[in-house]
Amino acid sequence: MQTFDLEADGLRALNAALQAQTQETNQTSWQVLNPKGAHAVAVGLDAPIDVQVKGSTGYYCGGMNKQASIRVSGSVGPGAAENMMSGRIIVEGDASQYAGATGHGGLLVIKGNAASRCGISMKGIDIVVHGNIGHMSAFMAQSGTLVVCGDAGDALGDSLYEARLFVRGSVQSLGADCVEKEMRTEHIELLRELLEAGECDAKPEEFKRYGSARKLYNFDIDNAGDY
Amino acid sequence: MCGIVGLFLKNPSLEPELGSMLTEMLVTMSDRGPDSAGIAIYGQEAQNRAKLTLQSEQPARDFATLAKELGAALGGDVSLVVNDTHAVLELDETSLAKARAKLPQLRPDVRIMSAGDTIEIYKEVGLPAEVADRFGLQNMSGTHGIGHTRMATESAVTTMGAHPFNTGPDQCLVHNGSLSNHNSLRRKLRREGMAFETDNDTEVGAAYLTWKMQTGSTLGEALQSGLDDLDGFYTFVVGTKDGFGVLRDPIACKPAVLAETDDYVAFGSEYRALVNLPNIEAAQVWEPEPATVYFWNH
Chain Y
181 MQTFDLEADG LRALNAALQA QTQETNQTSW QVLNPKGAHA VAVGLDAPID
231 VQVKGSTGYY CGGMNKQASI RVSGSVGPGA AENMMSGRII VEGDASQYAG
281 ATGHGGLLVI KGNAASRCGI SMKGIDIVVH GNIGHMSAFM AQSGTLVVCG
331 DAGDALGDSL YEARLFVRGS VQSLGADCVE KEMRTEHIEL LRELLEAGEC
381 DAKPEEFKRY GSARKLYNFD IDNAGDY
Chain V
1145 MCGIVGLFLK NPSLEPELGS MLTEMLVTMS DRGPDSAGIA IYGQEAQNRA
1195 KLTLQSEQPA RDFATLAKEL GAALGGDVSL VVNDTHAVLE LDETSLAKAR
1245 AKLPQLRPDV RIMSAGDTIE IYKEVGLPAE VADRFGLQNM SGTHGIGHTR
1295 MATESAVTTM GAHPFNTGPD QCLVHNGSLS NHNSLRRKLR REGMAFETDN
1345 DTEVGAAYLT WKMQTGSTLG EALQSGLDDL DGFYTFVVGT KDGFGVLRDP
1395 IACKPAVLAE TDDYVAFGSE YRALVNLPNI EAAQVWEPEP ATVYFWNH
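Chains as they are written, first to last, in my numbering: chain Y, 181 to 407; chain V, 1145 to 1442.
Take a look at the structure:
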């Protein structure tokens, strides 16, 4: 295992080392010590490596990730896993606002709570939150799946496109054009897979599904008040 | 951007460390706001005495004989301790209003940074670490304190434009964000008799809360009505003589992290401002909810 002390060696050196790993690397296991809330830890990775971050991070942890598996044994600041393309990020603690924003692929797991705007404008990423999520989550979400084992805040799925939302607890309010939908067998199956991948033992049958009513896709003057 | 820090001690044995802990938190937030920095510190209350923190561009000239002159004018004992460009006046609390009226006549260039029983405010233009050094913030003790590093958006980079703002006895406010209706609100508050020293949006937020409290609201009620009347983005941290509060606007774009242990409540714009606090690993750490008032009292 490669060990990197962020306090001693600095952020640029850490990200340069991680970003230098290639598809064929044999340095597949990395440990980052002393993150102490630092920003942009392990961003822009593009290799099948495991990165263990021992502590809490600041903004944009794991941003733009491809292929790598990143586990943060602490909490993450705003914008964790922003624009992730593939790979997996597991946060053992809480996440601040806009976790997983604009993500195109991969899996983001938050074992604590996520704050506001979780999954905003998600474009294919899957997000599993063990706890609650804050207001305006999945705003303008386009595709991918957001699974929430706890409660959701105000305006869930406002102006939602084709992303799938599953919430086990209560939803404070649904945003414009977001409606509750029927849970079919294929949704139970999808949820079962995601919950398992997300290290969560919740039962798929306990969730409700939400999605777009598709009324706001094309402009219709009768819906002007909803925009 | 701007960076905010705050520390409210529950355990009195930490009081001698307040300045050093706050300084470290403040300096960590330098890259959120390198324009100016300020700190409000709540120290021990002296019996029947009030404090005025003053600032002068020419401290040697303005402060040398001020205590004597003001004492003669008020007919009482006035003490003064100079700290770089600032000085803390202590005087009989019944003469406070008279002193405020007399000061502009005696020293037209001296500005009042804070007034109250326990509050002292120190703020200047410059990097937070330099500002902290100038005033020896790391050596100060107290029960609670609030600090701010400023990235100027709504008004000039000046000493008076730095935070915290003190607009009522022992009250202070720091702000991360920008208020969009501060000009109209300032006009309204002027008509209500409030005075302003800058074009700064935060001063309007602070004066608004003071005005609300002068007209019968508690701090909690004033903050609650601020949610309706203040338009824009804000994370506020407020200090009172014995309390410490946090409020975020309903959109809550501006970051905020709170941490609480048996010994203290700490606030930071970012988690990394809190990482060196004692026993932070065991603290309850969370993001304050939007449009929700958080408040702690001694």
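By construction, the Cβ of each residue, glycine as well, lies at the ideal position given by its N, Cα and C atoms.
Quick caveat, the model's predicted, so the values are computed rather than measured.
Sequence-distant residues of its chain with Cβ nearer than 7 Å to residue i (five each side left out)
i, result
"residue 1107 of chain V", "With chain V covering only 1145 through 1442, there is no way to say anything about residue 1107 of chain V."
"residue 1404 of chain V", "1427, 1428"
"residue 1215 of chain V", "1221, 1222"
"residue 361 of chain Y", "389, 390, 391"
"residue 1394 of chain V", "1371, 1434, 1435"
C-beta contact flag for residue i and residue j at 7 Å
i, j, result
"residue 1247 of chain V", "residue 1194 of chain V", "no"
"residue 1352 of chain V", "residue 1263 of chain V", "no"
"residue 1293 of chain V", "residue 1174 of chain V", "yes"
"residue 357 of chain Y", "residue 392 of chain Y", "yes"
"residue 1183 of chain V", "residue 1260 of chain V", "no"
"residue 301 of chain Y", "residue 320 of chain Y", "yes"
"residue 1323 of chain V", "residue 1374 of chain V", "yes"
"residue 259 of chain Y", "residue 245 of chain Y", "no"
"residue 1317 of chain V", "residue 1380 of chain V", "yes"
"residue 1365 of chain V", "residue 1309 of chain V", "no"
"residue 408 of chain Y", "residue 342 of chain Y", "Outside the shown range of chain Y (181 to 407) lies residue 408 of chain Y, about which nothing can therefore be said."
"residue 257 of chain Y", "residue 242 of chain Y", "no"
"residue 1314 of chain V", "residue 1384 of chain V", "yes"
Cβ neighbours of residue i in the same chain (closer than 8 Å, five flanking residues each side left out)
i, result
"residue 216 of chain Y", "186, 187, 235, 236"
"residue 1406 of chain V", "1154, 1155"
Alpha-carbon spacing of residue i relative to residue j, whole angstroms
i, j, result
"residue 1372 of chain V", "residue 1411 of chain V", "24 Å"
"residue 1265 of chain V", "residue 1360 of chain V", "26 Å"
"residue 231 of chain Y", "residue 1409 of chain V", "32 Å"
"residue 293 of chain Y", "residue 1235 of chain V", "50 Å"
"residue 1286 of chain V", "residue 1325 of chain V", "35 Å"
"residue 1333 of chain V", "residue 1198 of chain V", "24 Å"
"residue 211 of chain Y", "residue 390 of chain Y", "38 Å"
"residue 1391 of chain V", "residue 1414 of chain V", "15 Å"
"residue 197 of chain Y", "residue 219 of chain Y", "16 Å"
"residue 1225 of chain V", "residue 1337 of chain V", "32 Å"
"residue 1320 of chain V", "residue 1335 of chain V", "27 Å"
"residue 354 of chain Y", "residue 304 of chain Y", "21 Å"
"residue 284 of chain Y", "residue 262 of chain Y", "9 Å"
"residue 1147 of chain V", "residue 1168 of chain V", "13 Å"
"residue 207 of chain Y", "residue 247 of chain Y", "14 Å"
"residue 1243 of chain V", "residue 1257 of chain V", "14 Å"
"residue 225 of chain Y", "residue 199 of chain Y", "5 Å"
"residue 330 of chain Y", "residue 1439 of chain V", "26 Å"
"residue 1229 of chain V", "residue 1178 of chain V", "19 Å"
"residue 380 of chain Y", "residue 282 of chain Y", "24 Å"
Proximal residues to residue i (C-beta, below 6 Å), its chain only, five neighbours per side dropped
i, result
"residue 270 of chain Y", "251, 289"
"residue 254 of chain Y", "235, 236, 273"
"residue 351 of chain Y", "332, 336"
"residue 1206 of chain V", "1200, 1251, 1254"
"residue 314 of chain Y", "295, 296, 333"
"residue 1166 of chain V", "1151, 1289, 1291"
Chain C within 7 Å of residue i, Cβ atoms only
i, result
"residue 197 of chain Y", "Of the chains in the structure shown, none is chain C; the protein chains are Y and V."
### Near-chain Y residues of the segment 1391-1403 of chain V - C-beta to any C-beta below 7 Å
Cβ contacts with chain Y: 1396, 1399.
#### Entry: Residues, ordered as in the chain, of the segment 206-217 of chain Y that lie near chain V by beta-carbon distance below 7 Å
Answer set for the segment 206-217 of chain Y: 216, 217.
### Message
Using a Cβ-Cβ cutoff of 8 Å, what residues of the segment 1425-1437 of chain V are near chain Y? List them in chain order.
### Response
Listed by position, the residues of the segment 1425-1437 of chain V near chain Y (Cβ gap below 8 Å) are 1429, 1430, 1431, 1433, 1434.
### Message
As an exercise, report each continuous beta strand (DSSP E) stretch of at least 3 residues that is fully enclosed by the segment 1200-1281 of chain V, in chain order.
### Response
Those beta strand (DSSP E) runs which fall completely within the segment 1200-1281 of chain V and span 3+ residues are 1223-1227, 1230-1236, 1255-1260, 1263-1269.
### Query
Taking any Cβ of chain Y, which residues in the segment 1403-1417 of chain V have a Cβ under 7 Å from it, in chain order?
For the segment 1403-1417 of chain V, the set of residues with a beta-carbon nearer than 7 Å to any beta-carbon of chain Y comprises 1414, 1415, 1416, in chain order.
### Query
Which whole runs of the alpha helix (DSSP H) in the segment 324-372 of chain Y are 4 residues long or more, in chain order?
Within the segment 324-372 of chain Y, there are no complete alpha helix (DSSP H) runs of at least 4 residues.
### Query
What residue ranges within the segment 1407-1436 of chain V form continuous beta strand (DSSP E) runs of no fewer than 3 residues, ordered along the chain?
Residue ranges of uninterrupted beta strand (DSSP E) with 3 or more members, entirely inside the segment 1407-1436 of chain V and ordered along the chain, are 1408-1412, 1428-1430.
#### Entry: chain V contacts made by the segment 293-305 of chain Y, where a contact means CB separation under 7 Å
Those residues of the segment 293-305 of chain Y that come within reach of chain V (Cβ to Cβ, closer than 7 Å) are 295, 296.
### Against chain V: residues of the segment 252-264 of chain Y by CB proximity under 8 Å
Here the close residues are 255, 257, 258.
### Task
May I ask you to list, following chain order, the residues of the segment 307-340 of chain Y that have a beta carbon less than 7 Å from some beta carbon of chain V?
Contact annotation: in the segment 307-340 of chain Y, residues whose CB is within less than 7 Å of a CB in chain V are 315.
### Message
Output needed in chain order: residues of the segment 1171-1185 of chain V with a Cβ under 9 Å from some Cβ in chain Y.
### Response
Taking 9 Å as the cut-off between beta carbons, the residues of the segment 1171-1185 of chain V near chain Y are 1172, in sequence order.
### Message
Short of 8 Å Cβ to Cβ, which residues in the segment 1368-1383 of chain V face chain Y?
### Response
Cβ contacts with chain Y: none found.
### Task
Could you tell me which uninterrupted alpha helix (DSSP H) segments, each at least 4 residues in length, are contained entirely in the segment 1352-1379 of chain V, listed from first to last along the chain?
Runs of the alpha helix (DSSP H) inside the segment 1352-1379 of chain V: 1363-1373.
### Query
Taking any Cβ of chain V, which residues in the segment 213-246 of chain Y have a Cβ under 7 Å from it, in chain order?
Residues 216, 217, 218, 236, 238.
### Task
Compile a chain-ordered list of the residues in the segment 342-356 of chain Y whose CB is closer than 9 Å to at least one CB of chain V.
Cβ contacts with chain V: none found.
### Task
Please list the residues of the segment 270-294 of chain Y that have a C-beta atom closer than 9 Å to any C-beta atom in chain V, keeping them in chain order.
Answer set for the segment 270-294 of chain Y: 273, 274, 276, 277, 293.
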